[in-house]
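Participant: Quick one: the structure is below, questions incoming.
Protein chains: 6
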Amino acid sequence: MGEIQYQPLRSLIYVDCVKEEYRHKLQHWLYYYHVPESMAKFEPWVTKYAFYNALPMPPKGEQFGTYRMQLTEHYWMVNPMSEESLVNSLNEYFPLDAMKWQGTIPDDDAEGFMADGEAARSSGGGNGCPPFIMAFLPIFWEEDLKGKGRTMQDGPNYRWQFLISYPDGHKEDGDAWMREEVLPAFAKMPQVTRIMTSKVKKEINNCHMDRCVEMWFDGPADWYECAVNLAKDIARPDWAVEEEFPYVKSRFQFASLFLADMPTSDNLRQYRGYLPMR
Amino acid sequence: MGEIQYQPLRSLIYVDCVKEEYRHKLQHWLYYYHVPESMAKFEPWVTKYAFYNALPMPPKGEQFGTYRMQLTEHYWMVNPMSEESLVNSLNEYFPLDAMKWQGTIPDDDAEGFMADGEAARSSGGGNGCPPFIMAFLPIFWEEDLKGKGRTMQDGPNYRWQFLISYPDGHKEDGDAWMREEVLPAFAKMPQVTRIMTSKVKKEINNCHMDRCVEMWFDGPADWYECAVNLAKDIARPDWAVEEEFPYVKSRFQFASLFLADMPTSDNLRQYRGYLPMR
Amino acid sequence: MGEIQYQPLRSLIYVDCVKEEYRHKLQHWLYYYHVPESMAKFEPWVTKYAFYNALPMPPKGEQFGTYRMQLTEHYWMVNPMSEESLVNSLNEYFPLDAMKWQGTIPDDDAEGFMADGEAARSSGGGNGCPPFIMAFLPIFWEEDLKGKGRTMQDGPNYRWQFLISYPDGHKEDGDAWMREEVLPAFAKMPQVTRIMTSKVKKEINNCHMDRCVEMWFDGPADWYECAVNLAKDIARPDWAVEEEFPYVKSRFQFASLFLADMPTSDNLRQYRGYLPMR
Amino acid sequence: MGEIQYQPLRSLIYVDCVKEEYRHKLQHWLYYYHVPESMAKFEPWVTKYAFYNALPMPPKGEQFGTYRMQLTEHYWMVNPMSEESLVNSLNEYFPLDAMKWQGTIPDDDAEGFMADGEAARSSGGGNGCPPFIMAFLPIFWEEDLKGKGRTMQDGPNYRWQFLISYPDGHKEDGDAWMREEVLPAFAKMPQVTRIMTSKVKKEINNCHMDRCVEMWFDGPADWYECAVNLAKDIARPDWAVEEEFPYVKSRFQFASLFLADMPTSDNLRQYRGYLPMR
Amino acid sequence: MGEIQYQPLRSLIYVDCVKEEYRHKLQHWLYYYHVPESMAKFEPWVTKYAFYNALPMPPKGEQFGTYRMQLTEHYWMVNPMSEESLVNSLNEYFPLDAMKWQGTIPDDDAEGFMADGEAARSSGGGNGCPPFIMAFLPIFWEEDLKGKGRTMQDGPNYRWQFLISYPDGHKEDGDAWMREEVLPAFAKMPQVTRIMTSKVKKEINNCHMDRCVEMWFDGPADWYECAVNLAKDIARPDWAVEEEFPYVKSRFQFASLFLADMPTSDNLRQYRGYLPMR
Amino acid sequence: MGEIQYQPLRSLIYVDCVKEEYRHKLQHWLYYYHVPESMAKFEPWVTKYAFYNALPMPPKGEQFGTYRMQLTEHYWMVNPMSEESLVNSLNEYFPLDAMKWQGTIPDDDAEGFMADGEAARSSGGGNGCPPFIMAFLPIFWEEDLKGKGRTMQDGPNYRWQFLISYPDGHKEDGDAWMREEVLPAFAKMPQVTRIMTSKVKKEINNCHMDRCVEMWFDGPADWYECAVNLAKDIARPDWAVEEEFPYVKSRFQFASLFLADMPTSDNLRQYRGYLPMR
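Chains as they are written, first to last, in the numbering used here: chain A, 1 to 278; chain B, 279 to 556; chain C, 557 to 834; chain D, 835 to 1112; chain E, 1113 to 1390; chain F, 1391 to 1668.
Here it is as structure tokens:
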């Protein structure tokens, strides 16, 4: 094995909650087991590890592959997918249920298989469920397309963050369409206050997603006007697989998170154990 | 004014979010403005100040006056409603919108009135909106009716916490009905894992609510079975004002919160400023 | 000895720095030695322990007994001057110099006397130096005379906090003069944005100071206009010992601190050891 | 039930580790399970919750009932043994092993009994094992018998803290012997740098121990010289049950902890979850 | 854009306060707005972000370009001036006043221009005011000229840190003069306890300052003896623009900060929001 | 000097306590003086700095060079032994006693020599004492030989970590013996639950130790069975210098630490000053 390089990376994990029956159980697993185990594993080479609760899915959110639990964000100093970094004294505890609650393993999958961290992060896709999403990005947005002067004094933001996977054979023209047609169309809409985008660093973990975009609005009504009504004017590409914008398969090729500005828990700095209400 | 007494109190504020358009704005006001202002005001005599995000409203939740934003919980060392404690060097910043978002002031109320903390906490009720709910309880539950051996190793809990206000003229028989009919009926249901209850300490702030109950379930399906299906067998009292259980006016006489075990933010110990996602 | 009572108290220690030669040395003693020793001693019954750096003395500040180092503020749950609380396993380290730097012991006092905490807090007065100032107040201001609606959104404040000791034999008429003539005169000045006052709880430690007042301004120019220019119209009482307002002996009978809003260090929550710049 | 009173108390729990086979397991239970569960239960009315690792047992330590794991110290605002405070939403997780490791239940006790917190704290005594020790003290030492001027600048201390239970029928003359013969004898020994003592507040939980004493030394050699060699001159009382000083039954009537000055973990302020070494 | 490299850098921002009327306002802007905004922006790639309050300007301090507010210090993992790092989702809030208070924009400059972070950090210089100072240094001092054995046990230090810009055309001989004449002269003075120096990394942001020096003294009297009295013996170079040492234009070519050892706020670790005094 | 490179390193310092007379004194020096001084020195380029108390030495531990105080662990971003990093504004305070307590300087060494940090870290070896041990490792274990699926849910671990130095002239065959005979033999023992190993990065500081191994057991009895009883079957190599396994000179060529999973103090995140028990 070689020397460890400094390779700053930001990763985004989209965590779904496929039934309300599971939300409090998934939260318990995340905060009781997973946060301290994760920090023990990577604290010396991670600089930020934060959870952002998903806002409730807006109308028509299904069409956009809306994830309903949270965004898990890391800033890494070294590539956590390198061969060296996979040697850890303690593995993460991933009960099969934790993947069912997130929807990357079918609800009726037989017990008997205990997914560890690596298995969990490669679940979905081949079993009829959408693949586990962990997308690596540069630590800075690559392109700043609208609203660069915005400050916190301009008020809170309703953030729509999405990942798109172009169909096989259309990775290049798909991305050209996104950058030359889709994003400029949104940039012209007055309800959109901010647009930033980066390509996914697929070389890190062969993520199926190709590009990440973040757009900000005043609230869900403005989002609906833009993403549902006005986006109808964005022409359907030849390679489209769905009738409606964004024209790709929800949850498999397009995943959305609706977020407020603030992290729910900046774990490295705020976590102090799992302390239930009395 | 007299000497300040030690009077340990727990208070519960039920925070609603009346439209999804408001959720991220209400969160911003709560964390950006209200948390640091509140801590500056009461940190020397408050021992816990926590926010618990409301779980999404389950089916039939409207019937039970479900609040959709959060529970705000304080543990006080001195009575914060005493005359002495109302003298503060800095008042809290309460824009009118913050009360509209919570639903104690009508959405179309004309601007021109800036509610301060005291005004905010007495809003609602006379304007067609449900009154602001701040209920004081003893710091320990008064009655432990079911499940007292439960530990964290028994798994996560789906907590249903509710407050009830009996109709005028029925404060005594209403409470007798609750304690002798309603709670024993729930205690018999196998889906209910835990029941605790206390009377509201109305002498502190003349809160309109009379009693607080917390019941735990495995999840919303069990709750539905109990509170919607099985509760049909609980006889409708004479003084009932609604057809269905709980037989009192939703949001005005009955308010529910569905909660997971863990606080979203234990503010006195975890707050470190409002730091938005990059 | 009796049972310990809950007796919430706020105490104010006015810390001077009598020469610039001493400022960094006094800071070193305060943060290196005194903060951790103090927290070890009283952390279980103190709820706030904060330092507020003094703003530089404004012109004519000498006339008002301006203290030049900091305000040390405690919120106590029990009376720290009770007989019981004086038994501590470890005493505080008070080198004689620490009292010389603060000006309660003459600069040329011979070495050979090591003041402990109790000795330090009773130094001054009989040796030509102003007495050490530790004034106990109720935890809430007793009277709120102007500006009670002010919030943090109204902007930062230039706070003038002072303590006054009326001459012997004039404790009552002195205080009547303060409350009936001085404070109303200031309340009428438009530059004064806030006035709050409390009597010193002299029964706790026989403090020589009688009353504490806090007035807020936009800045030192407004303070000067009020306290130096406009205050000339406040009639000199019979018992006055100085020609100019406030008519009592600077530093011995009148002590001022000019403060910004924010603590420099909220020690119980922010202290993490003495870590010098590299 | 009545109103909750402010009743400041310090409690000392002596935790033994009866075999080295158990030390890391007991530590795991304490930090992984017990600390967060305890904080969740009492954080609003406890002001300090600290663990102090026991120093290794010195030669002849068996004679003095030396405990080998840690001191657990709480500072309470309310009496945790009151009837009201025993109602808690979640019970503490106490596997039977945790009591065997501490030695209040025999190592070969049959499984099948799950001790909860209250059961754990009343274990021992009737089963051939020494009783669980939880002794309540006033928050301040009642008597300061030697070394009251000592500061942290005098250097680190080797602390011998012990609890003694006088034989039945000799509670009064036993304590007179302690205060009039034993403690004065130690106070005269030059190796003893500090002596403080308080009576145990037996009214809180009927603790079998009667008095707590803390004496400081430079190190274990000085302790041995005093407690083993010089203490031979302390006359054996009539009611003695052992041949050697301290003349009472080790671990049952006399329990010692050897401690350094610093807490190993000040849990309320330092705990941030159980994060194992990578 | 290229890959982000690891480039450890320390930066020093010298913050002045040009009138006492502004000190509390500048402090409010720094702590209320700027600290949380800055941390949100760079927390994942900054390892230290600290404020050090300036000690009061000593006599003759004007001659040495003394800054009167604070030193702002960052340790960076990546170059914050790289093109990539300038893309940020939220810009910093820099009211024009914040630059006037610091003196890089004239006090009477017309309103109507809102400086953002980048504009603020390039203000001054062309408008008659001294340029904004942000100097990048290696994370370790390059040269250790005196006092390398000094420890914290040697007592507190009065630190004089200065930056010098040699006149155009004299960058090389200016620096030779500093290193071969000035610093050796100071190294010989017994009052100087410590000297360290580094060249400014001008390639990062084209800072006008060329070299940073830190010298330590016991206090301002010793500094005065050295920098004012003894420095008279340092020959005036040909390219001097002033009569007195340091022979360059105060505040434009020479800037000083007088500092104690300890940071006032180590923001990444100690900031917990803006909580004013009650 | 050159540019600072990112070079992630983990270092292990084995701290002994050679007499019980010294334990509390060594702890005092470590926590009172050394932790804050160290953090001040390296906080900007260290990501973890933790202390792990040594478990008591098991029977036969002398044969394995058991260290009795603690493991000090750092994770570095830059090589702390580079020439550049040796320039520090403040040196560490290392009284000669601190090295005697750890056993790298003879107990009867004459006073008069004050070791600084660099001197301390090169003490021992030439004076009859074992050399100070600071071994640098890659941040990830290089080889994972047994138990890679283990999680925290598998229960607490009794960790045996050791460093071995092969005799001169046998560095290669010694290591081959370790990897091909010793570790496989342990891997076959059912009591061993986990084995990981890395070569020491001797190029950093020329450490005398060659390899680090960590093996986990259920407790000391299992360790004894493996390392004392079963290891007798491991053939004695030609170059052996001792009769018993591990066949090299205890403390000079073989050093062991017995550890539980959890750090005693994760200093960068948990240290808040030295606060003694009241």
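C-beta atoms are modelled at their ideal positions from N, C-alpha and C, and glycine is treated no differently. Given the structure is predicted, the values throughout are model-derived calculations rather than measurements.
(1) Where does residue 133(A) land, buried or exposed, given buried means 16+ other C-beta within 10 angstroms?
(2) Which of the three DSSP states, helix, strand or coil, is assigned to residue 616(C)?
(3) Spatial neighbours of residue 1352(E) within its chain, please: C-beta separation below 6 Å, excluding the five flanking residues on both sides.
(4) Any idea if residue 1323(E) is buried or exposed, counting beta-carbon neighbours within 10 angstroms, 16 or more meaning buried?
(5) Work out the CA separation of residue 1465(F) and residue 68(A) for me, nearest whole Å.
(6) Could you check whether the region 1143 to 1152 of chain E touches the region 1338 to 1358 of chain E, counting it as contact only if at least three pairs of C-beta atoms, one from each stretch, sit closer than 8 Å?
(7) In angstroms, rounded to a whole number, what distance separates the CA positions of residue 136(A) and residue 1393(F)?
(8) What does the Cβ neighbour count give for residue 809(C), buried or exposed, with the cut at 16 atoms within 10 Å?
(9) Does the region 158 to 177 of chain A come into contact with the region 197 to 213 of chain A, if we say contact requires no fewer than three beta-carbon pairs (one atom in each stretch) closer than 8 Å?
(10) Taking residue 277(A) as the reference, give the member of 327(B), 403(B), 381(B), 370(B) with the closest Cα.
(11) What are the partner residues of residue 699(C), as DSSP defines its beta bridges?
(12) By how many angstroms is the C-alpha of residue 913(D) removed from the C-alpha of residue 886(D)?
(13) Tell me the DSSP bridge mates of residue 1541(F)?
(14) For residue 600(C), which residues in chain D fall below 7 Å Cβ to Cβ?
(15) I'd like to know if residue 279(B) contacts chain D, where contact means its C-beta is closer than 9 Å to some C-beta of that chain.
(16) I need the boundaries of the beta strand (DSSP E) containing residue 1645(F), first residue and last residue.
(17) From what residue to what residue does the alpha helix (DSSP H) around residue 1011(D) run?
(18) With which residues is residue 293(B) paired in a DSSP beta bridge?
(19) Tell me, please, which residues DSSP counts as bridged to residue 1048(D).
(20) Is the region 705 to 718 of chain C close to the region 369 to 378 of chain B, with three or more CB pairs under 8 Å?
(21) What's the call for residue 1095(D), buried or exposed, on a 16-neighbour Cβ count within 10 Å?
(22) Here's a check: name, in chain order, each residue in its chain whose Cβ is nearer than 6 Å to the Cβ of residue 441(B), leaving out the five neighbours to either side.
(23) State whether the region 569 to 587 of chain C contacts the region 774 to 782 of chain C, with contact taken as three or more CB pairs (one from each stretch) at a distance under 8 Å.
(24) With which residues is residue 51(A) paired in a DSSP beta bridge?
(25) Looking at the unbroken beta strand (DSSP E) that takes in residue 1524(F), where does it start and where does it end?
(26) Ordered along the chain, which non-local residues of its own chain (more than five positions away) have a Cβ less than 7 Å from that of residue 1091(D)?
(27) How many Å lie between residue 1577(F) and residue 1455(F) at the Cα?
(28) Compare the C-beta of residue 313(B) against all C-beta atoms of chain E and say whether one is closer than 9 Å.
(29) Quick one: grab the DSSP three-state call for residue 1428(F).
(30) Rounded to the nearest angstrom, what separates residue 340(B) and residue 504(B) at their Cα positions?
(31) Under the assumption that residue 992(D) contacts residue 1414(F) (Cβ atoms under 8 Å), give the Cβ distance between them as a whole number of angstroms.
(32) Just by C-beta distance, which residues in the region 654 to 685 of chain C are closer than 8 Å to chain D?
(33) In chain D, what lies closer than 7 Å to residue 240(A) by C-beta?
(34) List the residues of chain A whose Cβ lies closer than 7 Å to the Cβ of residue 1205(E), in chain order.
(35) Just how far apart, CA to CA, sit residue 1654(F) and residue 1107(D)?
(36) Under three-state DSSP, which class holds residue 1158(E)?
Facilitator: Inspection of the coordinates gives the following:
(1) buried
(2) coil
(3) 1359
(4) buried
(5) 37 Å
(6) no
(7) 28 Å
(8) buried
(9) yes
(10) 327(B)
(11) 753(C)
(12) 22 Å
(13) 91(A)
(14) 881, 882, 909, 973
(15) At residue 279(B), the pLDDT of 48 sits below 50, so the modelled position is not reliable; the number obtained from the coordinates is stated separately. Closer than 9 Å: no.
(16) 1644 to 1649
(17) 1005 to 1011
(18) 348(B)
(19) 995(D), 1030(D)
(20) yes
(21) buried
(22) 413, 487, 490, 533
(23) no
(24) 72(A), 265(A)
(25) 1523 to 1527
(26) 848, 888, 901, 905, 995
(27) 22 Å
(28) yes
(29) helix
(30) 16 Å
(31) 5 Å
(32) 672
(33) Those within 7 Å of residue 240(A) in chain D number zero; the least Cβ separation is about 47 Å.
(34) 151, 152, 153
(35) 12 Å
(36) strand
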